[in-house]
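Undergrad:
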Amino acid sequence: METSATGAALDTPLAAAHLRAGTKMGAWFGCALPDDFGDPASEYRASRDSLALIDKNYRAYLSFTGPDRVRYLNAILTNNIKDLSPGQGNVSLLLNPQGHILAEIETYAFADKLFCVSHAMIRERLIEWLDKYIIMDNVTLADESHRFATLALEGPKAAAVVQELSGVDIIPLRDLTSIDGAVDSIPCRIVKRSPAGIAGAEFIVQQENLAALWQVFLEVTRKHGGTPIGYSALSAIRLTQGVPWFGYDFGEKQIPHEAGLQDTHISYTKGCYTGQEIVERVRSRGQVNRQRTGLIFTGDMVPEAGATLSLDAKELGYVTRAARIWDPPRVVGMGYVRKEGSVPGTVLHWAGGTATPAHFPETLQAISEA
């Protein structure tokens, strides 16, 4: 998605191993991460049909301790933190007072702390934003980004492989449940995630154990007919799943309802938080003037981020992210479109052809079955 020239991007701790293996590197989420491992089409299909191994080291890790930690985070994040039991997690937004999205944050409850995961590209600003809300609270914020790293296993075989490696059956767990475990004697925190409804897992480990865990996963993934996948394939996969990416498909220009996050990232019963007044006003009004939507493009050209979408020569929106997929062969994307142009079946125009708003993954399933 971004340039393969990594520039000043933060390196994944696995960068040296990837380069030795001949991996094509790129800049994703402001970090140097794999573009592909040689065959993006095969990587895309592995995620759909078997098993995919993902280097997820674009993240920031923050911990909160002290007796006021729950009250403090619950007062500034959009989701319900106070009702999380140890082992449970959820995903929230940090908003400014105008309701615009500053960060996407996962929060995990431990017996003695709250552990938050966000994006390394905003780490310094995020710490500043969070720290300024600690006024009279007995809360200690610690940046633990240098300590931790994350790998993920996804695909139809992921749950069985996770159980094979760790003894943990993730199938009955709720998403974002996290438990302590070990893989090949390497301690890790196992977090259930189910993209497209298919159970998978993330493994949060100490950075010094990352290379060894990667090697274990690499061997097992290949044994089960899977492959490591880069972010060219992963971006395409997430688009077909209808999953927006922070920093690409939503951010400081959007409020939650524009980004379509109102049902996944917000609690409407938890009480006050920063930006709540705007969120409630939009909810009571029942609509926004523009909204994130899936897009199917004609032809083989992949639009760049920011490409204008128009109808009858009137500008109605823009593309946030696009990628080529292989089954069925298409160019798909996401973007923001005003409500008069977002009805499925509407034909929008951009400089390289046309685009039709679509609901993912339902629209692609219908195309595949036709």
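Throughout, our numbering is defined as the position within the sequence shown, counted from one, plus 771. Idealized CB from N, CA, C, for every residue including glycine.
(1) Quick one: what's got a C-beta closer than 8 Å to Thr774's C-beta in the same chain, skipping five residues either side?
(2) Three-state secondary structure (DSSP) at Phe800?
(3) Can you find the residues in the same chain that come closer than 8 Å, C-beta to C-beta, to Ala983, ignoring five residues on each side of it along the sequence?
(4) By Cβ distance below 7 Å, which residues in the same chain neighbour Val910 in space, the five residues on each side in sequence not counted?
(5) Helix, strand or coil for Asn909? Go by DSSP, reduced to three states.
(6) List the residues that DSSP assigns as beta-bridge partners of Lys994.
(7) Quick check on DSSP: helix, strand or coil for Ile847?
(8) Quick check on Leu981: does DSSP put it in helix, strand or coil?
(9) Going by other Cβ atoms of all chains shown within 10 Å of its Cβ, with 16 needed for buried, is Cys802 buried or exposed?
(10) For Ile1029 and Val1073, which I take to be in contact (beta-carbon distance under 8 Å), what is that distance rounded to the nearest angstrom?
(11) Taking C-alpha atoms, which residue in Ile872, Arg1101, Ala874, Lys827 lies nearest to Leu1010?
(12) To the nearest angstrom, how far is it from the Cα of Met772 to the Cα of Phe808?
(13) DSSP on Met772, reduced to helix/strand/coil?
(14) Could you tell me the boundaries of the alpha helix (DSSP H) in which Ser949 lies?
(15) Would you please state the rounded distance, in angstroms, between the beta carbons of Ser949 and Val962? I believe it to be under 8 Å.
(16) With a threshold of 7 Å on Cβ separation, who are the neighbours of Ala1141 within its own chain once the five nearest residues in sequence on each side are excluded?
(17) Hey, Thr1064 and Leu824: beta-carbon distance below 7 Å or not?
(18) By a C-beta neighbour count over all protein chains shown, 10 Å radius and 16 as the cutoff for buried, is Gln1062 buried or exposed?
(19) Name, in chain order, the residues that DSSP records as bridge partners for Tyr832.
(20) Using a Cβ-Cβ cut-off of 7 Å (strictly less than) and excluding sequence neighbours within five positions of Val1118, which residues of its own chain qualify?
(21) What three-state label does DSSP hand Leu1082 in the structure shown?
TA: Let me lay it out:
(1) Within the sequence shown, the letter at position 3 stands for residue 774. Here the model assigns Thr774 a pLDDT of 33, short of 50, so the residue's position is not dependable, and the following value carries that caveat. Its chain contains Gly797, Ala798 as the residues whose beta carbon lies nearer than 8 Å to that of Thr774, once the 5 sequence neighbours on both sides are disregarded; these appear in chain order.
(2) Along the sequence shown, read from residue 1 onward, the residue named residue 800 stands at position 29. When secondary structure is reduced to three states using DSSP, Phe800 falls in the coil class, being assigned neither helix nor strand.
(3) By 1-based counting over the sequence shown, the position of residue 983 is 212. Result list for Ala983: Asp955, Ile957, in chain order.
(4) For this step, residue 910 is matched to residue 139 along the sequence shown. Taken in chain order, the residues that qualify are Phe835, Gly837, Asp839, Arg840, Tyr843.
(5) Within the sequence shown, residue 909 is the residue found at index 138, counting from 1. Of the three classes helix, strand and coil, the one that applies to Asn909 here is coil, per DSSP.
(6) Position 223 of the sequence shown, counted from the first residue, corresponds to residue 994. Partner(s): none; Lys994 has no beta bridge.
(7) The count along the sequence shown starts at 1 and reaches residue 847 at position 76. In the structure shown, Ile847 sits in coil (DSSP, three-state: anything other than H, G, I, E or B).
(8) Locating residue 981 in the sequence shown gives position 210, where the first residue counts as 1. DSSP places Leu981 within a helical segment (H, G or I) once states are collapsed to three.
(9) Taking the sequence shown and counting its residues from 1, the one referred to as residue 802 is at position 31. Result: buried.
(10) As a position in the sequence shown, residue 1029 is number 258, starting the count at 1. As a position in the sequence shown, residue 1073 is number 302, starting the count at 1. The amino acid at residue 1029 is misidentified as Ile; the sequence shows Glu. Contact flag wrong, Cβ pair sits at about 24 Å.
(11) As a first step, residue 1010 must be located in the sequence shown, where it is residue number 239. Taking only the C-alpha atoms, the option nearest Leu1010 is Arg1101.
(12) Residue 772 sits at position 1 when you count from the first residue of the sequence shown. Residue 808 sits at position 37 when you count from the first residue of the sequence shown. Only weak support exists for where Met772 lies, its pLDDT of 36 falling under 50; the coordinates are left without a value.
(13) For the purposes of this step, residue 772 is identified with residue 1 of the sequence shown, where counting begins at 1. Low confidence applies to Met772: its pLDDT is 36, below 50, so where it sits in the model is not reliable, and the reading given next is rough at best. Coil, per DSSP.
(14) For the purposes of this step, residue 949 is identified with residue 178 of the sequence shown, where counting begins at 1. No alpha helix (DSSP H) contains Ser949, which is instead part of the beta strand (DSSP E) from 949-954.
(15) On the sequence shown, position 178 is the one that residue 949 refers to. On the sequence shown, position 191 is the one that residue 962 refers to. 4 Å between Cβ atoms; contact.
(16) Within the sequence shown, numbered from 1, the residue matching residue 1141 stands at position 370. Here Ala1141 scores only 48 on pLDDT, less than 50, and its place in the model is too uncertain to base an answer on.
(17) On the sequence shown, residue 1064 is found 293 positions in, with the first residue counted as 1. On the sequence shown, residue 824 is found 53 positions in, with the first residue counted as 1. For Thr1064 and Leu824, no; Cβs fall outside 7 Å.
(18) For the purposes of this step, residue 1062 is taken as residue 291 along the sequence shown, with counting starting at 1. Around the beta carbon of Gln1062, 16 or more other beta carbons lie within 10 angstroms, which makes this residue buried.
(19) The sequence position of residue 832 within the sequence shown is 61, counting from 1. Beta-bridge pairing links Tyr832 to Val888.
(20) Numbered from 1 along the sequence shown, position 347 holds the residue referred to as residue 1118. Thr1125, Thr1127, listed in sequence order.
(21) Residue mapping note: residue 1082 aligns to position 311 of the sequence shown, counting from 1. Note: Leu1082 maps to strand in three-state DSSP.
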